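> Top to bottom, those sequences are chains A and B.
If you're matching positions, the first sequence starts at 116 in this note's numbering and goes up one per residue.
If you're matching positions, the second sequence starts at 118 in this note's numbering and goes up one per residue.
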Amino acid sequence: MHYIANGVKEALRIIFSADPEFLAVVWVSLLVACISTTLTTVAGVPFGIFVGRSRFRGRQAVIAVLNTLMSLPTVVVGLLVYSFLSRRGPLGGLGLLYTRSAMVIGQFILAFPIIAALTVTAVRGLDERIDLTVKSLGADSRQGFRMFLHEARFGILAAVIAGFGRVFAEIGVSMMLGGNIKAYTRNITTAIALETSKGEFALGIALGIVLLAVAFAINGSLVVMQKKAK
Amino acid sequence: MKVYELTGIELQRGGFRLCIDKLHFEQGRIHAIAGPNGSGKTTLLNLMGFLSGPWRGRLDFRGNTVVPSEQTALPARRRQIGYLMQNPYLFNTTVRNNIRYGLDVRGITGQSAEQRVRQVAEELNLPELLSADAHRLSGGEAQRVALARTLAFKPDVLLLDEPTANVDRQNIRAIEQLVKTLNRTCGTSVIMSTHSSDQAYRMTDSMISMVDGKIAHAGYENVFSGTLRLGNNAVKTVSLDQGPRIHVASGTEGPVTVVIDPAEIILSRKELQSSALNRLHGPITKTEDVNGSVRVLIDCGILLCALVTRRSYADLGLNIGKEVWATFKANAVRVL
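1) What three-state label does DSSP hand residue 372 of chain B in the structure shown?
2) Please report the Cβ distance between residue 169 of chain B and residue 182 of chain B, rounded to the nearest whole angstrom; I am assuming they are in contact, meaning their Cβ atoms lie under 8 angstroms.
3) Which residues in the same chain as residue 218 of chain A place their Cβ atom closer than 8 angstroms to its Cβ, once the five residues preceding and following it in sequence are excluded?
4) Which one or two residues does DSSP pair with residue 136 of chain B in a beta bridge?
5) Does the beta carbon of residue 121 of chain B sit closer than 7 angstroms to a beta carbon anywhere in chain A?
6) Determine the closest residue to residue 133 of chain A out of A:342, A:325, A:210, A:334, with distance taken between C-alpha atoms.
7) Touch check for the region 187-206 of chain A and the region 119-138 of chain A: three-plus C-beta pairs under 8 angstroms?
8) Along the chain, where does the beta strand (DSSP E) containing residue 149 of chain B start, and where does it finish?
9) Shorter than 7 angstroms from the beta carbon of residue 255 of chain A to some beta carbon of chain B?
10) Against chain B, does residue 251 of chain A count as a neighbour if the rule is that its beta carbon must be under 7 angstroms from one of theirs?
11) With a threshold of 6 angstroms on Cβ separation, who are the neighbours of residue 335 of chain B within its own chain once the five nearest residues in sequence on each side are excluded?
12) What are the complete alpha helix (DSSP H) segments, minimum 4 residues, inside the region 147-216 of chain A?
13) Can you give the Cα-Cα distance for residue 257 of chain B and residue 263 of chain B, rounded to whole angstroms?
14) Roughly how many whole angstroms lie between the Cα atoms of residue 299 of chain B and residue 164 of chain B?
15) Which complete alpha helix (DSSP H) runs does the region 272-326 of chain B hold, if anything under 4 residues is left out?
16) Determine, using beta carbons only, whether residue 220 of chain B comes closer than 7 angstroms to chain A.
17) Closer than 9 angstroms, Cβ to any Cβ of chain B: which residues of the region 255-286 of chain A, in chain order?
18) Within 7 angstroms (strictly less), CB to CB, does residue 209 of chain B reach chain A?
19) Please confirm whether residue 430 of chain B has its beta-carbon closer than 7 angstroms to some beta-carbon of chain A.
20) Hey, would you say residue 339 of chain B sits closer than 7 angstroms to residue 364 of chain B, going by beta carbons?
21) What are the residues in the region 176-208 of chain B lying within 7 angstroms of chain A by C-beta distance?
22) Give the DSSP bridge partners of residue 172 of chain B, in chain order.
23) Quick one: which chain A residues come within Cβ less than 8 angstroms of residue 389 of chain B?
24) Would you check if the region 171-179 of chain A and the region 266-274 of chain A touch, i.e. whether three or more CB-CB distances between them fall below 8 angstroms?
25) How about residue 131 of chain B: is its C-beta nearer than 7 angstroms to some C-beta of chain A?
26) Would you kindly check if the distance between the Cβ of residue 206 of chain B and the Cβ of residue 252 of chain A is under 7 angstroms?
27) Exposed or buried, residue 118 of chain B, counting other C-beta atoms within 10 Å across all chains shown (16 or more means buried)?
28) For a contact meaning CB atoms closer than 7 angstroms, what does residue 247 of chain A contact in chain B?
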């Protein structure tokens with residue numbers, strides 16, 4: 116127990132003294148997760164809106180696939196993208212393996228089903244009277260769509276936050292595609308794994324506190340969004 | 118001038134069919150559409166609000182024929198009218214933003230929009246609610262906000278689908294008064310649906326009633342269902358459900374809905390000897406003053422409504438509880 120208490124004490128020191136190594140790891144996590152979430156939002160939200168609002172053959176199948184992929188194991192995504200980006204793979208020539216770009220690609224694949232599926236749910240949960248109401252008030256299709264987005268805003272934002280939470284806390288993709296390179300691709304989760312295997316608990320605990328704080332903030336935001344969406 | 122003119126309109130919605138041979142609404146007047154639930158009032162208002170289609174037949178709006186295929190032009194047409202839908206949806210924002218929406222889509226913004234919002238909020242007793250979250254309002258408050266949103270942009274033509282549903286009695290009168298004032302001072306043409314014939318009578322003397330997607334011109338009163346039978350010498354009678362049998366001039370055998378125009382019913386203290394085949398008898402249960410006439414309800418197995426002049430009412434010495442005879446021709450009964 117003594118070493119855990121010492122570890123926590125040392126972790127707090129690391130956090131409050133803004134240790135450069137600690138800050139570099141947090142920075143990589145935030146940077147990569149923000150880029151991948153932004154790209155996924157740009158692709159996943161319109162896709163979710165399209166699936167949620169349109170009536171086409173196979174729509175239910177698309178929704179079922181998206182829901183299934185929400186629980187995609189991170190190591191499976193890591194393996195899949197690795198096979199494409201490795202030197203022998205079809206995209207090996209691009210030299211992306213063990214780069215932040217490779218991590219972004221993997222996290223994009225992880226977050227896309229979550230953001231798209233939750234957007235579909237948000238859109239389908241909207242009141243059916245919205246379209247007719249905006250039309251009855253004289254809105255054209257562009258103005259009507261803008262109001263539709265306004266009404267769906269909390270649900271869509273919740274989808275984006277959930278996607279960010281998923282990529283921020285994942286390890287499989289970051290480890291397999293990023294390679295845990297110090298000050299370049301080493302992020303919070305890969306650093307915790309490394310420090311723990313080395314028996315250096317202090318930095319691991321400090322990073323764990325940051326991870327928990329972010330998870331808490333994300334869950335808090337989701338609760339607020341869900342309340343506002345009602 | 119006619120604000121709407123419908124000729125040979127047919128509109129299919131799932132299993133429901135709206136079928137109107139000929140109907141028009143005058144500009145600058147209040148018209149009421151009465152009828153039971155599912156009679157087609159909302160479908161008719163949606164059609165006139167350019168919200169449903171495609172339809173067959175001819176729909177003229179202010180002298181211009183509207184064709185269902187002109188989808189891109191429909192928003193411009195909708196901006197010429199204010200349509201308060203039944204069970205309206207309020208956007209997930211403040212009451213103020215809800216009321217502003219119709220102004221925003223018409224390009225009215227800034228100070229003039231805010232001034233208009235405040236004015237309409239005052240008229241509908243809503244000023245304290247302007248900053249409130251629209252989704253936290255009671256049913257009656259939400260209905261008034263929706264009406265304020267429709268009135269904010271001062272439409273020339275107002276379509277109101279059950280405008281006082283869920284509203285408390287005090288505010289019902291305020292809304293009715295406001296609509297009447299708008300009609301009188303601004304010349305706004307109003308077409309409103311209601312399931313309350315009392316409200317229809319309070320608002321206007323121009324009322325049509327609907328049954329099964331068709332117009333039953335006589336008004337909401339005296340709409341009964343029964344079974345039509347052909348007797349000897351092709352005499353047609355309808356046995357009303359839980360009521361008397363009446364003579365009719367048209368219709369085919371089987372279940373039917375009949376409508377008797379209240380103005381076509383003659384009241385007398387003694388049985389009239391005349392060519393009219395229908396003579397029903399019973400006590401008066403209710404009377405009401407309506408735009409210079411008296412609406413008399415008689416319990417003669419069915420609750421029959423007759424419309425008589427004040428003078429006739431006084432001359433006959435009619436009153437609640439008095440026994441009267443109601444006489445009307447078979448031709449006065451419309452079979453739907």
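A virtual CB, placed ideally from N, CA and C, is assigned to each residue, including glycine.
Since the structure is predicted, the reported quantities are computational estimates derived from the model, not experimental observations.
For this structure:
1) strand
2) Their Cβ separation, rounded to whole angstroms, is 17 angstroms, which puts residue 169 of chain B and residue 182 of chain B out of contact at 8 angstroms.
3) 147, 151, 288, 289, 292, 293, 300, 302
4) B:127
5) no
6) A:325
7) no
8) 147-151
9) yes
10) yes
11) With a pLDDT of 49 at residue 335 of chain B, under the threshold of 50, the modelled position of that residue is not reliable, and no figure is offered here.
12) 174-184, 189-200
13) 10 angstroms
14) 23 angstroms
15) 286-303, 314-320
16) no
17) 255, 256, 258, 259, 262, 265, 266, 268, 269
18) yes
19) no
20) no
21) 192, 195, 196, 200, 202, 205, 206, 208
22) The partner list for residue 172 of chain B (beta bridge, DSSP) is empty, contrary to what the question assumes.
23) Chain A residues near residue 389 of chain B: none, gap ~50 angstroms exceeds 8 angstroms.
24) no
25) no
26) no
27) exposed
28) 168, 202
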